[in-house]
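Some notes on the structure that comes next.
Right, dumping it as structure tokens:
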């Protein structure tokens, strides 16, 4: 490609590909990167295609030159633009973004402008999947019961979503019951390659996208480049502003061998998560290569790609190959389209070559043949252990935080007597049937492990054998099966496995995220009572992607991630401390002890049943049927370009940060620490998504607004109401604030007065007195979900900067999107900052002109007796900003002020 070319790519600068007998323009990797393009990772070839096709003027040549230059050091400090073809959102990230947009429409209208200018500039698909709660379970009508309850609880919010879709061009809503967004993306939305007409010329281009959920990289398993962004970054994309990123470092994961007997995609994903966290992956792109890739189906690849945020990566990319085409065929795509994907990928240099050895920033090798049945937990997804290691992990938990045993019981579960009535469970005392570590939830949940039909078939076959032996879970276990796709019901039924799953308690409860994102519903009365009395430490067993304390249920601190068939096995055992790998799961009617090996299906059996069960027509047909759900269609939405806010609503309120005139938070100031936190503070900690506790001050606020204390729904359902979300900030029992050791949940000490109060009240007091505040944290601050509210609540609490040892990628971006300055603390100052006490302050010297990528900021610690003086403890904190665009956002005060300032002009272009 000529380096003198300027402006948008023209057909003369592109190659030609024959599609359906007609020539189409396309950009080849040999044109964007040169004849030795195979040296570059495929993800960089895709980024080069995007830059070459979408960026205009001299910037295009400069950015392509930087991408070519990456190969010399396998890293780069240069930034590029990325222009996705589409955007994917779910209901609890789209609602706050759309509330922001509705409020911005009000502001534009009040200034005499056209509010309709606040509309997406590219196609946006919204999946209503994050609001399904598991209320009914273990019964055939559970899906109908749960979706009716979902719509009753969220009708006002769904009415708003329908208004948004009707009034904003390019926005489409996929109703409740249609599945999980990432499964929908794989089965319905993704094209891998698509066509467009530009200036009368037909082009074939890669399908490239972004999503407002950290697990968006699941689509990488199909060969589509996409990753997760925060809702605030998504708002910039919707308004045509560039997504800017530093040319990424790329970690290559070389795969050899093939998965052996008993090993499933879940075990592979947990192993990758463990290995890459050990490697220290943080925001890099990850790409899989090597001969082992060719042994994996798209379903198996998607499981691993989905967990990219858990292993710290932006992507988990698998290139296009014959497995990609097979998946497109198995989900009902047309033969013409499949042939186009093959032709374009092979012609443009995007087709996977098993023997190819691209150059990477770092490389790690994994032999698939060595992967064993695995678990992760009990508190983090990267903490890999063999299934046989779960009892020891729980013993360590008991030693650290032992439950309050009755006076006559001193034994741990491994030493306790075994119950003899149809099970092999350990009991802690004669007066209770519960073990010390009862399985409170056994949930086959999450797009991660329910999108691959093979994993659900495996779970069904294990359930079939358990049913044949008369095994059932004990009554204290809450069981559930929430597939990512309505088609799962069809292929499980065709295989005859639906009845088997139902017989052991795993009826389908609906098609949505459910337990995985905290909508697990109530625990069984037996577990709830024993937990409240301090007799047990209940455990969640799930096939999800995260097991942070309190994530799946506010009262569950312990959880293990396992494959769907292992979830069924633990559900049958009922005791998380039981070594299901070597001890019997139960006793059959004839008195024979039944072991896991008696129930586990072979790979050959799984594949044989799968081949007979899946019909490609299921996917489109079942999706269409779910899209026409009557109760959704009956919801009436208002009309008009401005949304009619209800002042009495506890669901939807225009946020104060969406009003004009917010201004920058940069400057020179002395700030009190609002909180001093440790490592691994997740976005679930900062802005919970799970049930609103009935005994919380947030519940008190809602009850004061007329809500029923027993029907408060989950935090995620109220993300359209800033007053609820700000009060709920840091409301997690596992958050430890060094300013209030042992203090109540979501409380802190007001520095000037020394009084203990809620974080919300303290923030209000600081604001009233004109005192700035900051948050201090440790490593991996903001890990977990992409939720922008984790940044928004900090802005509402008056936080001007965060000082942390390291940040997770999306949360760092969201902080910048809210105008909050992310600062990196030098290792030698971590301990001192963790010892900050009420009354001490931090003087931050960050005027707007000094903020730039990689710049440093002087920070001075002011003791109680030196507040306002020069202070002697001083260090340089590095600004965690990577691009000039991010710098501009901080100087403007964040994304929303930037959008409002451009609303009267043409959209920003590259």
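Residue numbers (this note's numbering): 567 to 1476. Just so you know, even glycine gets a beta-carbon here, dropped at the ideal spot from N, CA and C.
Give a yes or no on contact between the stretch 675–690 and the stretch 1049–1066, applying the rule of three or more CB pairs nearer than 8 Å.
no
Who does residue 1077 pair with in a DSSP beta bridge?
Indexing the chain shown from 1 puts residue 1077 at position 511. Residue 1077 pairs with nothing; no bridge assigned.
CA nearest to the CA of residue 598, picked from 630, 607 and 583:
Along the chain shown, one-based indexing puts residue 598 at 32. With distances taken between Cα atoms, residue 598 lies closest to 630.
Assess, as a yes-or-no matter, whether the stretch 585–601 is touched by the stretch 760–776 under the definition of 3 or more beta carbon pairs within less than 8 Å.
yes
In three-state terms, what does DSSP make of residue 1366?
Numbered from 1 along the chain shown, position 800 holds the residue referred to as residue 1366. Three-state DSSP puts residue 1366 in a strand.
Hey, quick one: how far does the beta strand (DSSP E) through residue 1457 stretch, first residue to last?
Against the chain shown, residue 1457 aligns to sequence position 891. Premise fails: residue 1457 lies in the alpha helix (DSSP H), 1450–1458, not in any beta strand (DSSP E).
Taking the straight line between their C-alpha atoms, what separation do you get for residue 1424 and residue 1331?
The residue given as residue 1424 occupies position 858 in the chain shown. The residue given as residue 1331 occupies position 765 in the chain shown. C-alpha separation (whole angstroms): 27 Å.
What's the call for residue 922, buried or exposed, on a 16-neighbour Cβ count within 10 Å?
Looking up residue 922 in the chain shown gives position 356. So residue 922 counts as exposed.
Mind checking residue 1110: buried by the 16 CB within 10 Å criterion, or exposed?
Numbered from its first residue, the chain shown carries residue 1110 at position 544. The residue is buried, with at least 16 neighbouring Cβ atoms inside 10 Å.
Considering only residues of the stretch 1169–1246, which uninterrupted beta strand (DSSP E) runs meet the minimum length of 3 residues and lie entirely inside it, listed in chain order?
1233–1242
The alpha helix (DSSP H) that contains residue 893, what's its start and end?
Translated into the one-based positions of the chain shown, residue 893 becomes position 327. Taken as a continuous stretch (DSSP letters only), the alpha helix (DSSP H) holding residue 893 covers 888–896.
Can you tell me where the beta strand (DSSP E) holding residue 724 begins and where it ends?
By one-based count along the chain shown, residue 724 stands at place 158. No beta strand (DSSP E) holds residue 724; the alpha helix (DSSP H) holding it covers 708–733.
CB contact flag (residue 1039, residue 1071, <7 Å)
The residue labelled residue 1039 in the question sits at position 473 within the chain shown. The residue labelled residue 1071 in the question sits at position 505 within the chain shown. Yes, the pair counts as a contact, with Cβ atoms nearer than the cut-off.
Flag this pair as yes or no: are the beta carbons of residue 1518 and residue 658 separated by less than 7 Å?
Look at the range of the chain in this structure, 567 to 1476, and you will see that residue 1518 is not part of it.
Local conformation of residue 988 per DSSP, three classes
In the chain shown, the residue the question calls residue 988 occupies position 422. With a pLDDT of 39 at residue 988, under the threshold of 50, the modelled position of this residue cannot be trusted; read the value that follows with caution. Of the three classes helix, strand and coil, the one that applies to residue 988 here is coil, per DSSP.
Tell me which residue opens and which closes the alpha helix (DSSP H) that residue 1380 is part of.
As a first step, residue 1380 is located in the chain shown; it is residue number 814 there, counting from the start. From DSSP, the alpha helix (DSSP H) with residue 1380 extends over 1375–1383.
Who are the Cβ neighbours of residue 986 in its own chain at under 6 Å, not counting the five residues just before and after it?
Counting from 1 along the chain shown, the entry for residue 986 is found at position 420. Any reading at residue 986 needs caution, since the residue's pLDDT is 32, under 50, leaving its predicted position unreliable; the model's value is listed next. Closer than 6 Å at the Cβ level, and outside the excluded window around residue 986, lies no residue.
Residue 624, enclosing alpha helix (DSSP H) - first and last residue:
Here residue 624 is taken as the residue at index 58 of the chain shown, counted from 1. Note, residue 624: alpha helix (DSSP H), 623–639.
For residue 1021 and residue 1130, which I take to be in contact (beta-carbon distance under 8 Å), what is that distance rounded to the nearest angstrom?
Position 455 of the chain shown, counted from the first residue, corresponds to residue 1021. Position 564 of the chain shown, counted from the first residue, corresponds to residue 1130. Contact holds; Cβ gap of about 5 Å.
Is residue 1479 helix, strand or coil when you go by DSSP?
Residue 1479 falls outside the range modelled here, since the chain spans only 567 to 1476, and no answer is possible.
Can you give the beta carbon distance from residue 1280 to residue 1255, rounded, assuming they're within the 8 Å contact cut?
The count along the chain shown starts at 1 and reaches residue 1280 at position 714. The count along the chain shown starts at 1 and reaches residue 1255 at position 689. The Cβ separation is near 6 Å, so the contact holds.
Please return the same chain residues whose Cβ sits closer than 6 Å to the Cβ of residue 1139, not counting the five positions on each side in sequence.
The residue you call residue 1139 lines up with position 573 of the chain shown. These residues qualify, in order along the chain: 1146 and 1151.
What did DSSP end up calling residue 1313 once you bin it into helix, strand or coil?
Reading the chain shown from its first residue, position 747 is the one you call residue 1313. Residue 1313: strand per DSSP, three-state reduction.
Using the Cα positions of residue 949 and residue 644, report the straight-line distance between them to the nearest angstrom.
The residue given as residue 949 occupies position 383 in the chain shown. The residue given as residue 644 occupies position 78 in the chain shown. If I take the Cα positions, the gap works out to 34 Å.
Rounding to the nearest angstrom, what Cα-Cα distance links residue 904 and residue 894 in this structure?
Walking along the chain shown from the start, residue 904 turns up at place 338. Walking along the chain shown from the start, residue 894 turns up at place 328. Going from the Cα of residue 904 to the Cα of residue 894 covers about 7 Å.
Beta bridge counterpart(s) of residue 1057 as assigned by DSSP
For the purposes of this step, residue 1057 is taken as the residue at position 491 of the chain shown. Answer is none; residue 1057 lacks a bridge partner.
Taking a contact to mean a Cβ-Cβ separation below 7 Å, would you say residue 1391 touches residue 1356 in this structure?
If you number the chain shown from 1, residue 1391 lands on position 825. If you number the chain shown from 1, residue 1356 lands on position 790. Going by C-beta atoms, residue 1391 is not nearer than 7 Å to residue 1356.
Could you please give me the residues that DSSP links to residue 761 through a beta bridge?
Here residue 761 is taken as the residue at index 195 of the chain shown, counted from 1. According to DSSP, residue 761 bridges with 770.
Should residue 640 and residue 927 be called a contact, given that it needs their Cβ atoms to be closer than 7 Å?
The residue you call residue 640 lines up with position 74 of the chain shown. The residue you call residue 927 lines up with position 361 of the chain shown. A contact, by the Cβ cut-off of 7 Å.
Tell me which residues share the same chain as residue 1445 and place their Cβ nearer than 8 Å to its Cβ, disregarding the 5 neighbours each side in the sequence.
Within the chain shown, residue 1445 is the residue found at index 879, counting from 1. Taken in chain order, the residues that qualify are 1387, 1388, 1389, 1390, 1412, 1417, 1418, 1419, 1420, 1421, 1422 and 1423.
Could you tell me which residues DSSP pairs with residue 1044 in its beta bridges?
In the chain shown, residue 1044 corresponds to position 478, counting from 1. For residue 1044, which the question treats as bridged, DSSP gives the partners 1007.
Identity of the residues DSSP links to residue 818 by a beta bridge:
Here residue 818 is taken as the residue at index 252 of the chain shown, counted from 1. BP columns for residue 818 point to 853 and 929.
Cα-Cα separation, residue 1394 to residue 1430:
Within the chain shown, the letter at position 828 stands for residue 1394. Within the chain shown, the letter at position 864 stands for residue 1430. For residue 1394 and residue 1430, the distance between alpha carbons rounds to 22 Å.
Nearest neighbour of residue 1043, chosen from 1078, 1105, 1014 and 1031 [CA to CA]
If you number the chain shown from 1, residue 1043 lands on position 477. The shortest C-alpha separation from residue 1043 is found at 1105.
By alpha-carbon positions, which one of 848, 737, 822 and 752 ends up nearest to residue 801?
The sequence position of residue 801 within the chain shown is 235, counting from 1. When only C-alpha atoms are compared, the closest one is 737.
Evaluate the contact criterion for the stretch 785–800 versus the stretch 672–681: three or more CB pairs, one atom per stretch, below 8 Å.
no
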